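First comes the structure, then the notes that go with it.
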Amino acid sequence: MSATCIYGTIFNNIKTVENSIKSVFDPSYSIIIVDNYSNDGTWEKLQEVKKEYNLSLLRQRSSRGKGRAYALAQCPENSLTAYFDLDVSYNENFHKAIKSGLKELLLFGPTMTFIQSKGEVIKTGSWRDLNYGEDIEFLSRQKISITFPLFIGRNEEIGIKDLHIEREKIFKIMEN
1 MSATCIYGTI FNNIKTVENS IKSVFDPSYS IIIVDNYSND GTWEKLQEVK
51 KEYNLSLLRQ RSSRGKGRAY ALAQCPENSL TAYFDLDVSY NENFHKAIKS
101 GLKELLLFGP TMTFIQSKGE VIKTGSWRDL NYGEDIEFLS RQKISITFPL
151 FIGRNEEIGI KDLHIEREKI FKIMEN
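Counting in the UniProt record's numbering, the sequence shown tops out at residue 176, every number present.
Next comes the structure, spelled out in structure tokens:
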């Protein structure tokens, strides 16, 4: 069985970061997080929980897309990868999908993730330097053969209603 690597990027999500990490944690996974120089205590919280969840933490000024690309590059070679958002608390369906044995799977619902080998993701150009719509742009370049509507998590900070609008406001602040 190949290694599994869960990766993401974060900026100012101190309220949700620990629950999000706890929800994706599995002792057999590598978890790689790129912090975009958060200034609300998020980085310090990550340092605090690093050992408990066996995290690899990096800091880089970046858009969400560029941060995800940097995190993905740190995943072990030949690993099965899945990205996650650190303002989402994931449920057992997230883990079931990863452990399903499928080598490629797009899960969508209120939140989404894409499971694929690191090599295949890099072959299609990895993540672009975008702050908005980076996941849609990324997914449009993937050769997705299996999609599955499945509730895998809930945004803890914002809820469902205005998820993308509110999330974009956070990253707009970051750009200024």
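All C-beta atoms, glycine included, are put in the ideal place defined by N, C-alpha and C.
Being a predicted model, the structure only gives us computed values, none of them experimental.
Item, Value
"Residues near Tyr53 by beta carbon distance below 8 Å, same chain, minus five either side", "Ile21, Lys22, Phe25 and Ile31"
"Limits of the beta strand (DSSP E) - the one that Gly28 falls within", "The amino acid at residue 28 is misidentified as Gly; the sequence shows Ser. First-last for Ser28: undefined, no H or E at that position."
"Where the alpha helix (DSSP H) through Gln60 begins and ends", "Neither: Gln60 is in no alpha helix (DSSP H) and is coded neither H nor E."
"Gly101 classed as buried or exposed, judged by whether at least 16 other C-beta atoms fall within 10 angstroms", "exposed"
"Straight-line Cα distance separating Leu107 from Ser89", "15 Å"
"Rounded Cβ spacing between Tyr83 and Tyr7 (contact assumed at less than 8 Å)", "6 Å"
"Local conformation of Phe138 per DSSP, three classes", "helix"
"Ala3 (DSSP reduced to helix, strand or coil)", "coil"
"Beta carbon of Leu72 nearer than 8 Å to that of Val17", "no"
"8 Å Cβ cutoff met for Gly153 and Phe94", "yes"
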